[in-house]
Every structure is written in structure tokens, then in C-alpha cells.
Amino acid sequence: MKRTLNLTVPLLAAFTLASAGATIASAGSATDDKLVVEAGKIITQAGDPIEDGVIVIENGRIVAIGKADDVEKPWDAPVVGGPDFVAFPGFVEAHTSNGLDRANENLDVAPFLDIKDSIDPVAFYFEDCLRYGVTTVNVQHGANCVIGAQGMIVRPTGMTVDAMTVRPSFGLKMSTGPKQGKSRATQMQALRDAFNELRMYLAELVEEERDERGHAEREALFQGRELEGEEAEGREMGGTAWKVDGLELIPRGAIDEKQAPLLDIVEGKRTCFVQCAGAVDVPHALELARQNGFLARTVLVISTDCWRAADRIAEAGVPVILEGGLVDVRRNPVTGEEEETFVPEVLAAAGVRFALSSENPAQRSLWYQAAMAVGHGLARDAALDAVTRVPAEILGLAHEVGSLEVGKLGNVVLFSGDPLSVTSWVEHVVVEGDEVYSRADDVRNKQLLDGTQPQGTTGGVAEQPGDASKSDEEEGK
Amino acid sequence: MKNPDSPMMNLTKTRRPSLALLALAVAAAPTTAMANDDDGRWVISADAVYTAAGDVLEGGTVVVADGKIVAVGPGGSGNVLEVAAVTPGFVDLAVRIDTDAYSVEQSTEASFTSSIDDSLDLFSYRWKRALASGVTTALATPSDMNVIGGLCTVLKTGGAPTLEARTLVSGAALRACLGPQPSAGNQAPRLGPAATFYYRRPTTRMGVEWVFRKSFYDAINAKRFGLDVASEDAAQNAVALRVIDGELPIIVKTQATQDVRTAIYLKEEFGIPRMILDDAVEAWKEPELLRRSGVAVVLPPAPKDGRVRDDYANDNYFLALESAATLKELGVLVALSGHGSSDPESRIANQAGFAMRGGMSFEDALAAVTINPAKMMGVDDRVGSIEVGKDADLVLWNGTPFEPTSAIIGVLLNGELVVDPRPAE
Amino acid sequence: MLATWTLLSVLTLPTVCDEASARTSDGNDSNVVWIQAERVIVRPGVELENAAVLIEDGIIVAVGADVEAPDNARILKGGVVCAGFVDPWSSLQVDAGSVDNQNLEPGSRTVDALDPFSRPDQRSEALAGGVTAVRAQAGSSSFIGGIGAVVQNDPGTDSVILIEDACLATSIGVTRHGRVNDVFDRVAEVERLVGQVEKGAAYRDALAKYEQELADWQKAIDEKTKELEDDFKKAKKKRDKDVADAEEKGKEHKDKKYKEDKKPKKPRYDPTIELLGRVADGELPLVVEAHRVPEIRNLLERTEDLSRLRLVLAGATQSEHMAEALVERHVPVMIWPAPEASGRDEYDGFDLGLAGRLADEGVEVLLGSGGGPHARDLRYLAALAVSHGLDRDAALHAITLGPARAFDVADRVGSVERGRDGDVLVFDGDPLDTTSTLQFVLSRGRVVE
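Residue numbers (this note's numbering), protein chains in the order written: chain B, 141 to 617; chain F, 13 to 437; chain W, 3 to 451.
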């Protein structure tokens, strides 16, 4: 046995010291993919809060969480936080159309498009996500469509879409609220036509194949898709509402890519986000989903007006995402009096699972929506769930995010006080073990507070840096 | 065992309706208890009473009778209410109710003598909305289509829908506006004669300042050279002179930095003692001017990303979140406002929260929505704090005031419970 | 018998009343309603005196002078009982955007635009006016209005849809976006409309032909296949393998070509054309709003060959000149007898006596509220038509049984007969007398409070 060990130990020590020094210098970046988060209080969303707690994150996941005395901190991990902070799981944005180059496609029916081609990694929205503690975002096509694009789940950090991707090609967007230029009658007709066309297309494919006239494979090759592996195999059509017999004759990859995402929907393989602009759209959405077999995968994106359809939603057992505020304000057409309805309370009483959203007139983020919900009378637990666990469930990420537990992703937000207090700020954000935000370094936040313009930017009295990009962003919504 | 056909049985049958009557009476008992509410005696005990008069009473009590606060402290008799916190009713100097085109006389850009009293609709649902958000006293102002809009009125937001019942001070302040808004809609005649009276000055910010300056200049000269004859100008000039004398405060809308500067230069030029800057989005950019000028400032609701859009100038102004705290540090009297919005985030109580988010202390934020605006309007002898002898205008909370997690559960106006915190029977 | 019954009723009624009132003071949960009235109008022209109507679980189970009240029934007494009104021309409950939409297609469905959540005040006003069902239609002035629906005006948020595809509605020569068409445009619109319907008819014929041909072809194939199989079996038996194989292959080859070449092609499926085919076959009536003689005449002429087409003419301001043809073709006419007929150009020359004069000629007249959301005025519009010469029975028919029959819901509403839904009105006087008060409205057997 060679005696090289004696040399390697001091070398190893030197190396570790050097790297530790490097981490002290660049406080917060994880070396060897380890990070320790300390907080005076940890709200786990999975039990009682932990006083003077510690979270250990390795390779992006929480490996230990508990009181400081009970948890062994790896000696070589950088530390973020301290006794003045309150730790909370990163908020989960259940549905948004922000952060896109353009949220809405012109075409009525475009399920073959993918939102990944439209996400803008440097959009102000993603910066804001970190500023307000949102660490998981479901980005979907806008509401101005009949059938929109496929969406995806991202983390709001990274310079490329790939770096941001958490779940690619997730979900499909539809709307029963009319697209601009359509009325409800023509909108439902267009939706029904889209599914009928799918059905006729599949039936035609099968018939042609049976008559030995099939050219689906040729068409696929022409579209540039090689049929390999799973794609080359045919499968019997799944689906609970209607089926086309004989689909097993067609290799899956040969199905026109324009129709394939819709087939996923009918087979119950893809979550479907259906936008309802008003209560009247809810029964239509549920009926469409029932008729085409995707009710079990349906999530309604509702406006405040939809509280009037809460019973229908509860009956169907689908979860909802509440956009446009928390309170429905209407003027009685007869008396002229204003009537206000606190929507989450109606949903909770009806037994509907709901997530809150930062798409509201004031664009206030999730922490504020949860706080206002408590103010209007929702129990604190329910309000916090609506911005963490419920959206995590809706996105199929309940085992990954939404609470601070061993095994879940290390997405932690450190607040300067109670997360729902107006005087608390997000001080640090950790996404999968990397500290990606620190308020001390946030120049735009400083500008928001005292008007200091970020270095290197120009601007007159009225013009502020970043205005151009902001206004483009607003246009695209 | 009773005979079903006996008269007793029939009595039983007929007794049932009277049982129903009894049930009705029982159900009516709270109503009769409500009848007690009419005598207006309340004992409100709270975990914290925030008086806005310098102290916070832990476990305090406020006693109300005959529309006034009769005691701050234990004791007293009346209907009991138990809540988490009490603050004074809010005073909002920018409720923006009834601010349509008909609230301002546009045939002239300087209408000193028009009064908002003549166009107020006290039946508007928006008063109820303001009251439910805790605003008990408000300043009604004409819309800012004129340079000088007219006389404004301080009134309560509830009570009998008459001016007599609600008004605290009629003609409490003069409204003015600097910036692009008054000139929007005016045009310069280019080719040919003017088609409407909107072809007039001002068409620019300079023009707006010119109208302001000329009005006051003319008033001073008329007095100095004895030009005051019995003409409509005399009435106008009288109002202007009251402003210069300090008898009548002038409340000027000044959103942009240049408007803030202009207003302060005008104040100093004419020696106007009492000037309030309303909607002063960019006031924070001129700390030295503000400090030396002695103006008071009313801030608008804070937008999330700081940007306030001005549609008249196609421009954006920036409201730094620390504005309220910074202005307070400079010794400027600061008030917040809600602009009468239906949007919950914009309501005045939430604005106090955002001011705290921007660094203001709780006491200062409370003052900014209660005693400060009351002082600006000279009605602090009646409203703006919880002190014996003042009007019983109170806001009742279920938690720490101004936090979004707390709600306003009750409002008293003139000792009357207009929003009831008790759970419905 | 009658005496005993009367005695019984005198003895039992007070206590029954007490119980009933005690019960209903708890709420309107009685599923059994017994109505007694001086006049029961079963349907216009058929009346019973001092009769009763018994409704159980939302259905009329008995009508007659000898119908007794069960013990648990809620008792109502009134002057005149008649069927709930059916407004054949309404947009009650239809989302406003869909009513104004000019770009609807034949396949657009009004049921997709029904909004049970907004304007409950309009619906309850309609009920208070006695309108218990409407034909709801989107696209009020659109060339194609899409498929209308007959909806029962049930209080509560549910729209009870009696029939989802009640008709296809169109309009010819009406003012759109303020633009008035000249006579050539209007006649051209008729051509367009009839052309579409004919396409539908042609599709139907082609489909029928295809089915026939397909059956023939399949038969031929089967025979051929059997023939080949027999051949093969024989060849196998003969063990003449090579020859058989060669023959077989040759035949298969021919077979394939035979199949490919000779298989009949199914007519291309187009949901719109299919729908128009159904209209052409008379499965759904075609409601055409047309006002002036040129287009009405042209419409009738061009549709003469479509023998199964069911036409309903709406608006029909100048239709009395065509009365004979309308009677011959059994075309009902739907009129909106409004005092100030909308001011639009197509209503020029309208007068309130139109309904009466048409009825006198033998035309079946229907009366509607003109396609707006205010169905509540229907009774008064009918009374107005009566005062200008429309026979009373015809007027009542025009707002009850007539619309029900025209839109295929006469088995459910439109008359007070056994088996119909409990949509019943109780007046204290004649329904068409404007001084009468509507005492009770029953929608699906429940009293509307």
C-alpha cells in the first residue's frame, strides 16, 4: 500500500479551505451542491413551525430540517439566513401568462404550438417572482384563444429557457370565455368543431389504413419526424368518453403533430387549463370536458364572477385557479347598490379546491393575495395552502414543492418577518439549493423604495429605466 | 289521552299560529335590541385603542353617546362591542367621488366661486363604498379639468343624505390643478376662427401656470388699485385674496416634479400661507423645496411597481415607496388617500400599510390617514383622533390595523353603527 | 255525488287549508298542487267550467270537474286557469354578445350562449308576466342566427332546456349595422338561404344514395369473396396448387383494384351541411324573418320543391298579401305586435291589425316579444292584437299552443292537459283582459313566489 495518503490529506485540506474561502467571498453560492438555511422560525406548511430551525439542502433537495440543536449541519456548506429571518416554502404560481413575448397566438386553434418558444428569461415578471418569493411558475398561453399552446412549468431563474425548465410541454390551454371577435355561441362551436375534427381525422386515418391507402407515415416523414421507438408503435386509443376503433394500426408518431396534443387531452394524458371569463362559461367548460373525457385532468382558470357557479364546480370535483382579484364587485341592476362577494369563502364553503394567482388588477403577488384573503375572512391555513400546497397539487408537483419537507426541492424564501405582514420583505430566495436572490443586491427594489436609478441606466424625470420593456410586456398580455 | 274532536284539540290547532307569532317575537328580539342601538350609546372595548392623539391604550375602552366620544377609558354604559383594535375614522382628502365633467364649470379655466356643493350626489353608492372602507370624513373636490376648479367641501360620508346633515365645512378649500390635465381638450386656433370656447389658453403647462398666476395677480392688483367694482370679478378676487391671506387653504394637484416646483414657486411668489399638494407622486424628488416651503402633501395610492400613468401627457411618473416616510422625516405634514377605488388594494387602510412597508412607523401612518388630513382642513377639533369631545367616528378591526390580514369589521359615524361587527343572527 | 263532495270539501277544506298554509309557511316544498277555478282553458276553444287541475311532481296528472284534492295538496283557488305562455321570439337569458353577433353559422347553438347567472331580474319579470317558456335565439338580426332552443323559465339558476335544437333561424332583408338593403340584395339573400338549404337536401339525398350503393357494393364484394373462397377450396381439393395459386393471385390482384376503384365514396361530411339537410327534411323548422312582399314571395316560390321543409315566417310586416300562399303551405306567421315597431325600415307600414287580418284569412298566427330580453310584455302585446281585431282564442293560441306546436314541444307545454309539464297560470279574470291580475304562476309544478 502506497503511503500517498499522508500527502493527499493536507492537499485535500488545502483544497477544501480554498473552496471554503471562495464561498465566503461569494456568499450564498453552493459548493459541492450543499446549502444550509438558518431561520429564527421555519414555517414548513407540513406541521408546526420550527423555532430556531435549520434546513440542509443537498443536490437541490432538502435532506434535513429541524431545530438547530437536532440537525447536523455539514461543515462545508455555506449558510444563508440567521435568527432574524422567517423561512417559508417558495410560493407556487399555479397559472400565469406573464413572462412571454406574446401571450396569445392569432390562430383560434393552435395546440401544436409550445410556450417554450415564447418565454423571455429576462422578462421583468420573473425578476418580480423572486422579489416576492415565487419559485415555481406554471406558464401557459393567454386567455384570448379557442385552443391555445402547450405550456410548461419553470423556475424563475436562469438565462435560457432550458435552464428555467422544470416540466416541459406541460398542460394545454383552452378557453370557453369567448376569444376576441367571437361570441359564446361561436366559441363553443369552434371548440366542438376542434374535437370533432380530431375524431374525424383519426377515423379517416384508420379507414385509410384498413383500405391500405394509408399515408400517415409518409406524411410524418415529410414533416420531419422520424418514427423511432415508442413513436413507431401503434396503441389502442385510450379515453373515457369516446374512442376511435383501430387506432392501434397507426404508429403514434404518424399522427399529425397538429392533432396529437388534442389526442393527449382526450386520452386524459395532459392537464387541461380551461379559462372561464364568467360564471356562464363554467358549465360549458365542464360539459366539454365530460363529453371529451378529460374532466379528471381539467383545471378551471376562473374570474371572480364565477363564484356563482361554485356548486357546479364542486359537483364536478375539479380544482380552480382564481384570477382577477379576490372580491367580485357588482352593481345590482335594479337597485344600483354595490354588492361585494368574497370569492374564496364561497369556494371553500362549496368544497372547491382553489389556488390564488398574482394575475389581478393591481398585479400584486401571491403573498399579498394570501394576506388579503385572510383579511377578508379566509382561515390563515387555507390562505397559505392556496399559494403553496394546492397549486403544487394542481401542477402534479406535490411531492416536489409546496412545503419544506425532507425529499422535496430546496425552494426556500427567507422573510424579514411574518410572510403575510405588509412590513415584511423577501430577503433571500433559494431555488433548488442555490441562493438566487438577495434583497441587499436588488437594485430595482432599491429603486422602488427610494427612486435611486440603477447604475448605468439613463433616464429623465419622467422616463424610468426598463420602461420600454415593461410597456412591451403589458402589450403582450 | 285527548279526544281529537274535542274543543281542546281545536284550541291546540289554533294555538299553533300563536306559537308562530311567539317565534316571530323571539326572532324579533334582536331587532328590539337593535332598537336600543338607536339611543347611540356604545361601550367599545378593544385589545388596543389607537387614538392618534399620542397614545395607544392596551385593553382600552371608548365610550360613545349622542354622537360624540364621551370617555376614553373604562366605565360607561351602553351596548357593548368587543373588538381587537379601534382607530379613528379615516379622513380622505382625495376620495374622488362625483368627479365627472359636471362637477366643474369649464366655460372658464379659473372658476373661483363655483362650489362642489351644487353638484354633489349624496345618494351615490360610492359614498357607501368609502364608508365601508373606513373613511368617515372626506373632502369633495371638483374634477381637475380646470386650473382653478372651485370651492371644496369637507363632509361626512354617511348619515342623512342632506348637505346640512353631512357637511362639516362648506368651502373648506380652493381646488387648483397644475400639470397637463387642465389644458387637455383646449386647442390653439390655427387656421380660422375658433369653433368652440375650448379654443383658448391654456394649451400647455406654461399656460396653466399663466392662468394661475394671472388670477392671483389680478386679484392683488384689483385690491391695491381699488378696481373692485360690483362685477363677477369681485367675487373671484375675494376668494383669491382669502387664499393669499391664509384664511382659505388651496389644495393643488401636482403629480410631476415640475408641477411640485411650480406650485411651491407660486406659493412663495404670492406668499400663500396654506397650500396642500394633492396626488404629489413625485414630491419625493424635491426634498429641499418641500422642507423650506411649509406645504402639506397628500399622496395617492402606491402602485405596485411605482409607476403612475398620466394619460394627458402620455407620461409615466414614479412614486417611490419610501415617499411617505421620507416626507415625514423632512418635517412635511403627510396624508395618504384612497381615491375612492373599488379595488381593495387601493383603499386608504391598505395604503397606510404600504407606507409602513416603505419605512413609515405605525404611528406616523395612522396620523397620515386621520389627524394629519384633519389638520390640513382645519377640522381637527371635530375629527381625526379619539379624544373626549370629538365626533364618534371610529373604525373597528379584527386584528392589527393596516395589515392586509386584518379586516375592518365595524364603522361608527357620528355615534351610529353603520357597519355592524356583530355576527348576523 | 256533487253534494257529498261539496259537503266534504266544506268540512275538510278549513283544516286542510290550515295544514296546507302551515306547510307552505315553512316553504314552497309541496309537490302536489290542486287548483280550482271557475274557468279552465285546456286549450283555446276547449274550456271547462268550475274545474280543477291536479299537478304532482311537476306534471299535470288530472284536469276536470271531478278532480279531487289529495290530502297533502297545496290548494289554490282562482278565476281562470290557462297554460303558461310560450314566447316564440325572445332572447331571454341569452348572452348579449351572442345576440348581437352577426357572424353566426348554421351550427352555432343558442344553448351555448344561455347565461343562467346574469339578469335574474329579467327572468323573474318574465315569470311575473306569465311567460313560463321561451324560444331563445341568438343572432337576432344576423343573416344566420343559428340553432334556437326552447327553454323553460324555471326560477333558480338552471335553464331547463326543453329542446336544444328547436329551429334554425335566419333573417332576410333586415337592417344590419344601420344599413338597409335594397330589393335586389334582399332577393339575393333569399337565394343564398335557399341555396344553402338545397345543399343540405342534396347532401341528404347523396347520403341516402351512398348508403344504398355501399350496401350493393358490399353485397357484390361478399359474393365475389365467397366465389373466390369456393374456387380456392376447389383448387385445394384438386391439388392443382401452382395453377390455383396463380389464379388466386391474379384474382386477388383484380380484387384489390376492384375494391379501390369501385368502392362508393361517402359524401364529405360537413356538420353545417348535415344540419341544413336536417332542416330540408323538416326535422327542424326554419324560422325566416322577412318583412316585405318580394322576399316573402321569392322565399315561398323557391322552396316549393322542398316539400318536407317546415317554414315559419317571422316579422312578416307585408305578409297579408301572401296570405293565401301561406295558408296553402301551412306556414305559421310569427308577429311582434309592438306599439312602436322598432323604427327600423323593414317595419315600415306595420300596423297592429296585421295579426287579426291574417288570422281571418286562415293563417296560423304566433305572437312573440320580438327577440329582446323582455318577455314580460307578451300578455299585453297579445291583448293589443285582440283590440285590433285578432280573435281572442287565436290570440291565446298564438302565445301558448301555437308556439309549442311550431317548435315541437307541444307534448310538454302549451296546454293544460294530462301529461304536460305543470306550467300553469291562474288569473282572476280573462288572461287577455289587461285588468286581470295574475294570481299564481306555476313553473314545472311549483308555485313561483
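Note that CB positions come from ideal geometry on N, CA and C, so glycine has one too.
| query | Any beta-carbon of chain B closer than 8 Å to the one on residue 154/W? | reply | Counting from one through the third sequence, the residue named residue 154/W turns up at place 152. Output row for residue 154/W: interface = no.
| message | Helix, strand or coil for residue 213/B? Go by DSSP, reduced to three states. | response | Along the first sequence, read from residue 1 onward, the residue named residue 213/B stands at position 73. The three-state reading of DSSP puts residue 213/B in coil, since its state is none of H, G, I, E or B.
| From residue 366/B to residue 232/W, what distance separates their C-alpha atoms? | Numbered from its first residue, the first sequence carries residue 366/B at position 226. Numbered from its first residue, the third sequence carries residue 232/W at position 230. A straight-line Cα-Cα distance of about 44 Å links residue 366/B and residue 232/W.
| residue 587/B, buried or exposed, once every other Cβ within 10 Å from all chains shown has been counted against 16 | In the first sequence, counting from the first residue as 1, residue 587/B sits at position 447. With at least 16 other beta carbons inside 10 angstroms of its own, residue 587/B counts as buried.
| Does residue 129/W get closer than 8 Å to chain B when you measure Cβ to Cβ? | Your numbering for residue 129/W matches position 127 in the third sequence. Cβ-Cβ to chain B under 8 Å: no for residue 129/W.
| said: Across the region 310 to 317 of chain F and the region 344 to 351 of chain F, are there enough close Cβ pairs to call them in contact, namely three or more that are closer than 8 Å? | reply: Taking 8 Å as the limit for Cβ pairs, the verdict is that the region 344 to 351 of chain F does touch the region 310 to 317 of chain F.
| field | residue 416/B in three-state terms, based on DSSP | value | Position 276 of the first sequence holds residue 416/B. Reduced to three states, the DSSP call for residue 416/B is strand.
| said: Threshold first: 4 residues or longer. Then list the alpha helix (DSSP H) segments lying entirely within the region 244 to 271 of chain B, N to C. | reply: Whole alpha helix (DSSP H) segments, 4+ residues: 264 to 271.
| Residue-level contact to chain B via CB, residue 106/W, 8 Å cutoff | To locate residue 106/W, count along the third sequence from 1; it is residue 104. Yes, residue 106/W counts as interfacial toward chain B.
| said: With H, G and I counted as helix, E and B as strand and the rest as coil, what does DSSP make of residue 308/B? | reply: As a working mapping, residue 308/B is identified with position 168 in the first sequence. Taken through DSSP and simplified to helix, strand or coil, residue 308/B comes out as strand.
| Where residue 556/B and residue 393/B are concerned, what is the direct C-alpha to C-alpha distance, given to the nearest angstrom? | In the first sequence, the residue the question calls residue 556/B occupies position 416. In the first sequence, the residue the question calls residue 393/B occupies position 253. Residue 556/B and residue 393/B: Cα-Cα distance of roughly 52 Å.
| task | Taking residue 100/F and residue 397/F to be in contact with their CB atoms under 8 Å, please state how far apart those CB atoms are, rounded to whole angstroms. | result | Walking along the second sequence from the start, residue 100/F turns up at place 88. Walking along the second sequence from the start, residue 397/F turns up at place 385. Contact flag correct, Cβ pair sits at about 5 Å.
| query | Roughly how many angstroms separate the alpha carbons of residue 280/W and residue 251/B, rounded to a whole number? | reply | Numbered from 1 along the third sequence, position 278 holds the residue referred to as residue 280/W. Numbered from 1 along the first sequence, position 111 holds the residue referred to as residue 251/B. C-alpha of residue 280/W to C-alpha of residue 251/B: approximately 32 Å in a straight line.
| query | Can you tell me whether DSSP reads residue 66/W as helix, strand or coil? | reply | Sequence index remark: in the third sequence, residue 66/W carries index 64 (1-based). In the displayed model, residue 66/W falls within a strand according to three-state DSSP.
| message | Using 8 Å for Cβ pairs, my map puts residue 232/B next to residue 535/B. What's the rounded Cβ distance? | response | Here residue 232/B refers to the residue found at position 92 when the first sequence is read from its first residue. Here residue 535/B refers to the residue found at position 395 when the first sequence is read from its first residue. About 7 Å; that satisfies the 8 Å criterion.
| field | Residue range of the unbroken alpha helix (DSSP H) whose run includes residue 512/B | value | One-based indexing of the first sequence puts residue 512/B at position 372. Residue 512/B -> alpha helix (DSSP H) spans 506 to 516.
| query | Whose CA, out of 431/W, 121/W, 103/W, 160/W, lies closest to the CA of residue 178/W? | reply | If you number the third sequence from 1, residue 178/W lands on position 176. Minimum Cα distance to residue 178/W is reached at 103/W.
| request: Report the residue ranges of all beta strand (DSSP E) runs contained in full by the region 285 to 348 of chain W; include only those spanning at least 3 residues, in chain order. | output: As for any beta strand (DSSP E) of minimum length 3 sitting wholly inside the region 285 to 348 of chain W, the runs are 288 to 292, 313 to 317, 335 to 337, ordered along the chain.
| query | For residue 186/B, which residues from the same chain have a beta carbon less than 6 Å from its beta carbon, with the 5 sequence-adjacent residues on both sides left out? | reply | Mapped onto the first sequence, residue 186/B falls at position 46. Around residue 186/B: 543, 545.
| request: Check distances from the C-beta atoms of the region 90 to 103 of chain W to those of chain B and list, in chain order, the residues that come in under 7 Å. | output: Residues of the region 90 to 103 of chain W that bring their beta carbon within less than 7 Å of a beta carbon in chain B comprise 97, 99, 100, 103, in sequence order.
| task | Taking 8 Å as the cut-off, decide whether the C-beta atoms of residue 253/B and residue 405/B are in contact. | result | Looking up residue 253/B in the first sequence gives position 113. Looking up residue 405/B in the first sequence gives position 265. No; because the gap between Cβ atoms is not below 8 Å, this pair is not in contact.
| Stretch-stretch touch, CB-based, cutoff 8 Å, three pairs: the region 420 to 429 of chain F with the region 116 to 132 of chain F | The region 420 to 429 of chain F makes no contact with the region 116 to 132 of chain F, as fewer than three CB pairs between them are under 8 Å.
| message | Is there a C-beta anywhere in chain F that falls below 8 Å from the one on residue 522/B? | response | The residue labelled residue 522/B in the question sits at position 382 within the first sequence. Judged by the 8 Å Cβ criterion, residue 522/B is not in contact with chain F.
| field | DSSP three-state assignment for residue 139/W, whether helix, strand or coil | value | Here residue 139/W refers to the residue found at position 137 of the third sequence. Reduced to three states, the DSSP call for residue 139/W is coil.
| Cα-Cα separation, residue 195/B to residue 582/B | On the first sequence, residue 195/B is found 55 positions in, with the first residue counted as 1. On the first sequence, residue 582/B is found 442 positions in, with the first residue counted as 1. Their backbone Cα atoms lie some 24 Å apart in a straight line.
| request: Drop a sphere of 10 angstroms on the beta-carbon of residue 93/F, count the other beta-carbons inside from all chains shown, and report buried for 16 or more, exposed for fewer. | output: As a working mapping, residue 93/F is identified with position 81 in the second sequence. Buried, since its Cβ has 16 or more Cβ neighbours within 10 Å.
| task | Compute the Euclidean distance between the alpha carbons of residue 45/W and residue 423/B, then round it to the nearest angstrom. | result | Looking up residue 45/W in the third sequence gives position 43. Looking up residue 423/B in the first sequence gives position 283. Residue 45/W and residue 423/B: Cα-Cα distance of roughly 36 Å.
| said: Within 10 Å of its beta-carbon, does residue 405/W have 16 or more other beta-carbons around it, so buried, or fewer, so exposed? | reply: Residue 405/W sits at position 403 when you count from the first residue of the third sequence. Residue 405/W is buried by the Cβ-count criterion.
| query | In terms of DSSP beta bridges, what is residue 291/B paired with? | reply | Here residue 291/B refers to the residue found at position 151 when the first sequence is read from its first residue. Its beta-bridge partners are 310/B.
| task | Helix, strand or coil for residue 406/F, going by three-state DSSP, please let me know. | result | Here the question's residue 406/F lines up with position 394 in the second sequence. Here residue 406/F sits in strand by DSSP.
| In this structure, what does DSSP give as the bridge partners for residue 174/B? | Residue 174/B sits at position 34 when you count from the first residue of the first sequence. DSSP lists 198/B as partners of residue 174/B.
| said: Does residue 323/W pass the burial test, meaning 16 or more other C-beta atoms within 10 Å, or should it be called exposed? | reply: Within the third sequence, the letter at position 321 stands for residue 323/W. Exposed, because fewer than 16 other Cβ atoms sit within 10 Å of the Cβ of residue 323/W.
| query | Hey, out of 160/W, 170/W, 131/W, 162/W, whose CA is closest to residue 149/W's CA? | reply | Walking along the third sequence from the start, residue 149/W turns up at place 147. Considering only alpha carbons, the answer is 170/W.
| message | Going by DSSP, what residue range makes up the alpha helix (DSSP H) through residue 568/B? | response | Here the question's residue 568/B lines up with position 428 in the first sequence. The continuous stretches of alpha helix (DSSP H) do not include residue 568/B, which lies in the beta strand (DSSP E) extending over residues 566 to 571.
| query | So residue 287/F is in the beta strand (DSSP E); what residue range does that whole segment cover? | reply | Along the second sequence, one-based indexing puts residue 287/F at 275. Here the beta strand (DSSP E) through residue 287/F covers 287 to 290.
| message | Is it the case that the region 522 to 541 of chain B contacts the region 223 to 231 of chain B, given that we only count it when at least three CB pairs across the two stretches are under 8 Å? | response | As far as the Cβ criterion goes, the region 223 to 231 of chain B touches the region 522 to 541 of chain B, which means the pair count is three or higher.
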